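To convert a position in the sequence shown, counted from 1, into the working numbering, add 1. Even for Gly, the Cβ is constructed at its ideal location relative to N, Cα and C. This one's a predicted model, so the numbers in the text were calculated from it and none came from an experiment. All remarks here apply to the structure that follows.
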Amino acid sequence: MNPVREVFGGFGVLLRGLGIVLRRPRLFLLGALPALVTSLLFLAALITLAVNITGLVAWATPFAEDWESAWRGLVRGALSLALLAGAVLVMVVTFTTVTLGLGSPIYDKIAELVEQELGGAPEAPDEALMASVTRSVRQSTGVVLVSLTVTVSAFLLGLVPVVGWMVAPVLTAVVGGWLLGIELTASAFDRRGLLRIRDRRHFMGTRRWRVLGFAIPTYFLLAIPFVAVAVFPAATAGGTILARELLTEGPQGPQEPQTPPIPHQNPPEAPKAP
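This is the structure we're talking about:
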């Protein structure tokens, strides 16, 4: 497949998702609500941390009380900046996961609406609520941990002059977008009984350029404060459309060998009477 065409096709999936939710303004506003709540919660937490950062850092560094004021201020100032930067990093990495968790019924409804509009969707599998919640929490935790590891690694790589400055943003965008794609396609895969992240990775791997064409722009848009509020409903719809394309056109996983049919045999003729 043509990579350029696939990348633009992936971005077109996001636009198609936006078109579907814009045709239903009430659903679009409802889908934007969880992202807005998450943004306000994170903003309140960040402001609270910033207001109390001086006392918190002083409590954490009692050993610096007897230092000269210049050294004490330098160490505590650096620690304050590190804490604020770390808090922002955690918020950026966990934003999607927290929003999907808060708005799970709403985003499931958006995904169901997309499935109904496009047709041919199977019934959702009958899974116990506790098992579903446990699986979702476990998978989301794994995605967040991987994302944090990659983000910190990219930051450290970015400290390397020249090469790091070029490689780190690309690594962050590609891996962050890929992980975002894993989260946004979950509903459609779960509906078809493909409940493991391994299943999503398998089908996403069949059309990597299309997945990245959808996921990387979405990743950057969701990283912009409060822009994500408007993008999230479209991203949810787009993730459902993308999953359907992958499941329809992607090659299936390894098939189990089939037993060859037994050749048809005519029954033996009854002996003729003398």
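Roughly how many angstroms lie between the CA atoms of residue i and residue j, to the nearest whole one?
i      : j      : result
Gly143 : Ala71  : 42 Å
Thr152 : Leu248 : 30 Å
Arg27  : Ile21  : 12 Å
Met131 : Trp68  : 54 Å
Gly121 : Val147 : 34 Å
Glu124 : Glu246 : 18 Å
Arg208 : Phe215 : 11 Å
Arg41  : Leu30  : Just to set this straight, residue 41 is Leu in the shown sequence, not Arg. Roughly 16 Å between the two C-alpha positions.
Gln256 : Asp200 : Because Gln256 sits at a pLDDT of 38, beneath the cut-off of 50, its placement in the model cannot be relied upon, and the following sentence gives the value as read from the coordinates. Those two C-alpha atoms are separated by around 14 Å.
Pro170 : Val164 : 11 Å
Quick check on residue i: does DSSP put it in helix, strand or coil?
i      : result
Arg139 : helix
Val153 : helix
Glu69  : coil
Ala122 : coil
Val52  : helix
Answer yes or no: do residue i and residue j have a C-beta to C-beta separation smaller than 8 Å?
i      : j      : result
Glu7   : Trp179 : no
Val76  : Thr39  : no
Val175 : Leu223 : no
Thr219 : Ala236 : yes
Gly104 : Leu157 : no
Ile198 : Gln140 : yes
Leu50  : Leu85  : yes
Gly177 : Trp166 : no
Ile107 : Ala238 : no
Ile183 : Arg202 : yes
Leu181 : Thr95  : no
Gly56  : Phe233 : no
Among the residues of its own chain, which have a CB less than 7 Å from the CB of residue i, if the five just before and after it don't count?
i      : result
Ala244 : Thr186, Ala189, Phe190
Leu90  : Thr152
Trp60  : none
In chain order, what residues of the same chain lie with their CB nearer than 6 Å to the CB of residue i, ignoring the 5 residues before and after it?
i      : result
Gly240 : Leu185, Thr186
Pro162 : none
Phe43  : Met92
Leu172 : Ala155
Arg192 : Ala125
For residue i, collect the residues of the same chain with a Cβ closer than 8 Å to its Cβ; drop the 5 residues on either side in sequence, then sort them by chain order.
i     : result
Ala88 : Ala46, Leu47, Leu50
Leu15 : Phe215, Pro218, Thr219, Ala235, Ala236, Gly239
Val58 : Arg77, Leu80, Ser81, Leu84
Arg25 : Leu114
Phe64 : none
Just to confirm the assignment: which complete alpha helix (DSSP H) runs, minimum length 4, are found wholly within the region 186 to 227? 187 to 192, 198 to 207, 209 to 223
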